[in-house]
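Data block below; observations after.
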Amino acid sequence: MPLVKLVNITKKFGEIIALDNIELSIEDGEYLCVLGQTGAGKTTLLRTIAGLIRPDGGEIFIEGELVNDVPPEERDAVYMFQHFALFPHMNVWDNVSFGPSIKNWDNEQVKTISSEVLEMVRLSDRQDAFPSELSGGMQQRVALARGIASGAKILLLDEPLGALDARLRVDLRRQLRRLVKDQKLTAVHVTHDQEEALMTADRIMVLRKGKVEQVGLPSEIYSSPKSIFVASFVGNANFFEGNVIEMDNSGSTIWIRGDYQIRVSQTDRKVGDKVVVAVKPTDVIINPDSHKGKNVFSGMVDSSTFVGGSMKYKVIVGDGMVIFSEALVSNIQELPRPGQEVTVSFHPARCCLFEYPEAGLLKEIEAI
Ligand SMILES: Nc1ncnc2c1ncn2[C@@H]1O[C@H](COP(=O)(O)OP(=O)(O)OP(=O)(O)O)[C@@H](O)[C@H]1O
Ligand SMILES: [Mg+2]
């Protein structure tokens with residue numbers, strides 16, 4: 015039995031449909047990341063599970079019990095604010111023990127739980143400090159400790175690492191996952207950062223304009239996107255518009271505007287169909303030597319950007335077909351420079367084929 019189950023959840027704010035028929039099951043002990051852009055409905059989803067927002071339609075089950083009419087404090091879920099809110103006039107200890115102390119637990123119990131969670135987030139030595147005396151990362155850990163001390167089994171984390179600098183984000187996301195796993199909690203972690211989701215989640219749900227776009231393992235979301243939107247949002251794919259001109263058992267050939275041909279392994283379209291081919295920059299191999307074959311294009315490096323351990327290349331092929339390639343610096347023998355002639359290539363199996371969207375390609379990949 016899933017720990018949390020949402021059936022057809024809908025929430026409207028006036029004309030805005032913040033959640034549109036959401037179906038979702040979260041398993042006990044799972045670390046689920048909800049990935050979506052600003053306004054996608056992420057906060058609304060967490061607050062609905064927590065009981066802070068009442069859905070207009072649908073059912074929420076926790077441990078098999080219908081909880082639509084159960085108040086937040088009686089649900090086994092704690093919502094942690096997008097902008098973590100500590101009580102500024104209380105020290106670390108009082109902030110953390112606040113939850114347990116209002117639960118009518120006895121003093122000893124409150125003490126044990128509070129010191130355990132402070133130990134867990136490694137802040138026992140700062141229990142007398144006030145929030146203003148702590149770094150952003152420490153304040154974040156106090157907020158986490160407070161959430162865990164509440165005793166709830168389900169942590170609803172709204173952009174828990176949003177306010178932190180890059181290095182801390184990376185450190186804390188590992189700690190956060192470990193903490194949830196060690197304590198046998200269940201986490202729903204909301205983020206708009208694809209890397210954070212790919213690295214921390216057991217499963218990812220991509221939310222778009224209130225709708226579930228795809229749910230799957232991080233590797234599935236990355237390698238087998240079900241839509242143009244997911245291919246763009248997770249992994250910034252290259253997109254090519256074209257038509258299917260040939261198909262056999264081993265794949266399809268797509269004619270691309272500008273008179274190029276791309277071979278893909280998929281065979282689920284028809285000859286003549288207007289389609290979009292998506293290829294991740296990390297699947298595009300850049301090579302200084304020229305060679306021939308399927309999906310091999312000669313072009314010129316237009317620009318290169320160093321992105322911490324990898325290089326991102328913009329390559330222009332022929333009359334202007336642009337292909338982005340990204341490769342680990344350690345995998346490139348000789349780093350191509352802007353102006354240099356190169357070949358770029360990618361395997362047909364690494365291409366994803368989509369039906370051409372009715373509203374046009376740009377509409378599918380634009381930010382919101
Ligand atoms: N109380 C409210 N009143 C009116 N509209 C709201 C309210 N709360 C949310 N919305 C709208 O619902 C939609 C979803 O909002 P939500 O806060 O869930 O998005 P989000 O994915 O958390 O975005 P962000 O990444 O910016 O935090 C947005 O269009 C937002 O404007
Ligand atoms: Mg939000």
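With our numbering as the guide, the letters of the sequence shown map in order to residues 15 to 382. Think of the CB as a built atom: it goes at the ideal place given N, C-alpha and C, for glycine as much as any other residue.
Just tell me which of M15, E79, S241 has its CA closest to the CA of P371. Start at 1 with the first residue of the sequence shown, and residue 371 comes out as number 357. Of the candidates M15, E79, S241, the one whose C-alpha sits nearest the C-alpha of P371 is S241.
Going by C-alpha distance, which of S318, I300, R68 is nearest V310? Residue numbering aside, residue 310 sits at position 296 when the sequence shown is read from its first letter. Answer by Cα proximity: I300.
Excluding five sequence neighbours on each side, which residues of the same chain lie with their C-beta closer than 8 Å to the C-beta of L375? Mapped onto the sequence shown, residue 375 falls at position 361. Excluding residues within five positions, the ones whose Cβ falls inside 8 Å are I242, F253, E255, V290.
Please report the residue range of the alpha helix (DSSP H) in which R155 lies. Locating residue 155 in the sequence shown gives position 141, where the first residue counts as 1. 150-163 is the span of the alpha helix (DSSP H), which, as asked, contains R155.
Using a Cβ-Cβ cutoff of less than 8 Å, which residues in the same chain neighbour E22 once the five nearest sequence positions on both sides are dropped? Within the sequence shown, the letter at position 8 stands for residue 22. Reading off the sequence, residue 22 comes out as Asn, not Glu. Within the same chain, N22 has close Cβ partners N35, I36, E37, G71, G72, E73.
Taking 7 Å as the line, does the beta carbon of T57 fall inside it for any heavy atom of ligand 2? Counting from one through the sequence shown, the residue named residue 57 turns up at place 43. Within the cutoff, so yes.
Any beta carbon of chain D sitting closer than 8 Å to that of S128? Within the model displayed, chain D is absent; a lone protein chain is all it includes.
What is the C-beta distance between L175 and L186, in whole angstroms, given that I count them as a contact (C-beta under 8 Å)? Within the sequence shown, residue 175 is the residue found at index 161, counting from 1. Within the sequence shown, residue 186 is the residue found at index 172, counting from 1. The Cβ separation is near 6 Å, so the contact holds.
For I299: DSSP bridge partner residues: Numbered from 1 along the sequence shown, position 285 holds the residue referred to as residue 299. Paired residues: S359.
For the putative contact between D159 and V110, defined by C-beta atoms under 8 Å, what is the C-beta separation to the nearest angstrom? Your numbering for residue 159 matches position 145 in the sequence shown. Your numbering for residue 110 matches position 96 in the sequence shown. Residue identity differs from the one stated: residue 159 is Ala in this sequence, not Asp. About 5 Å; that satisfies the 8 Å criterion.
Distance CB(I168)-CB(A215) smaller than 8 Å: The count along the sequence shown starts at 1 and reaches residue 168 at position 154. The count along the sequence shown starts at 1 and reaches residue 215 at position 201. No. Outside cutoff.
With DSSP as the reference, label S312 as helix, strand or coil. Your numbering for residue 312 matches position 298 in the sequence shown. In this structure, S312 counts as strand in the three-state DSSP scheme.
Rounding to the nearest angstrom, what Cα-Cα distance links E260 and S279 in this structure? Within the sequence shown, numbered from 1, the residue matching residue 260 stands at position 246. Within the sequence shown, numbered from 1, the residue matching residue 279 stands at position 265. Distance between the alpha carbons of E260 and S279: 12 Å.
Given V343 as reference, the closest of Q354, S318, C366, V331 once Cα atoms are compared: On the sequence shown, residue 343 is found 329 positions in, with the first residue counted as 1. Nearest of Q354, S318, C366, V331 to V343, Cα basis: S318.
Own chain, CB closer than 6 Å to I31, minus 5 neighbours either side, in chain order: On the sequence shown, residue 31 is found 17 positions in, with the first residue counted as 1. Counting only Cβ-Cβ distances below 6 Å, and skipping sequence neighbours, we find G224.
How would you write the range of the beta strand (DSSP E) that G265 sits in, first residue to last? Position 251 of the sequence shown, counted from the first residue, corresponds to residue 265. Unbroken beta strand (DSSP E) run through G265: 265-270.
Determine whether the beta carbon atoms of L199 and R217 lie at a separation below 8 Å. Sequence index remark: in the sequence shown, residue 199 carries index 185 (1-based). Sequence index remark: in the sequence shown, residue 217 carries index 203 (1-based). Against a cut-off of 8 Å, the Cβ pair of R217 and L199 comes out as no contact.
Whole-angstrom Cβ separation of P295 and S264, contact assumed at under 8 Å? Mapped onto the sequence shown, residue 295 falls at position 281. Mapped onto the sequence shown, residue 264 falls at position 250. No, P295 and S264 are not in contact; Cβ-Cβ is about 25 Å, not under 8 Å.
Cβ contact check for the stretch 47-55 and the stretch 193-209: 3 or more pairs under 8 Å: yes
Cβ of M314 within 8 Å of Cβ of E355? In the sequence shown, residue 314 corresponds to position 300, counting from 1. In the sequence shown, residue 355 corresponds to position 341, counting from 1. Yes, the Cβ-Cβ distance between M314 and E355 is below 8 Å.
Give me the Cα-Cα distance between G55 and G249, rounded to the nearest whole angstrom. Here residue 55 refers to the residue found at position 41 when the sequence shown is read from its first residue. Here residue 249 refers to the residue found at position 235 when the sequence shown is read from its first residue. Rounded to whole angstroms, G55 to G249 spans 21 Å at the Cα level.
Please go through the same chain and pick out, in chain order, the residues whose beta-carbon is closer than 7 Å to the beta-carbon of H305, but skip the five residues on each side of it. Counting from one through the sequence shown, the residue named residue 305 turns up at place 291. Cβ within range, chain order: T357.
What does DSSP give as the partner residues of V84 in its beta bridges? On the sequence shown, residue 84 is found 70 positions in, with the first residue counted as 1. BP columns for V84 are empty, so no partner.
Beta carbon of D172: closer than 7 Å to some heavy atom of ligand 2? In the sequence shown, residue 172 corresponds to position 158, counting from 1. Indeed, a heavy atom of ligand 2 lies less than 7 Å from the Cβ.
DSSP-derived helix/strand/coil call for V244: Here residue 244 refers to the residue found at position 230 of the sequence shown. In the structure shown, V244 sits in a helix (DSSP, three-state: H, G or I).
Between the Cα of Q208 and those of R192, V194, S233, spot the shortest distance and give me the residue it belongs to. In the sequence shown, the residue the question calls residue 208 occupies position 194. It is S233.
Please state whether the Cβ-Cβ distance between M213 and G272 is less than 8 Å. Residue 213 sits at position 199 when you count from the first residue of the sequence shown. Residue 272 sits at position 258 when you count from the first residue of the sequence shown. The answer is no: Cβ separation not under 8 Å.
From what residue to what residue does the alpha helix (DSSP H) around V184 run? Working through the sequence shown from its first residue, we reach residue 184 at position 170. Segment 180-196, the alpha helix (DSSP H) holding V184.
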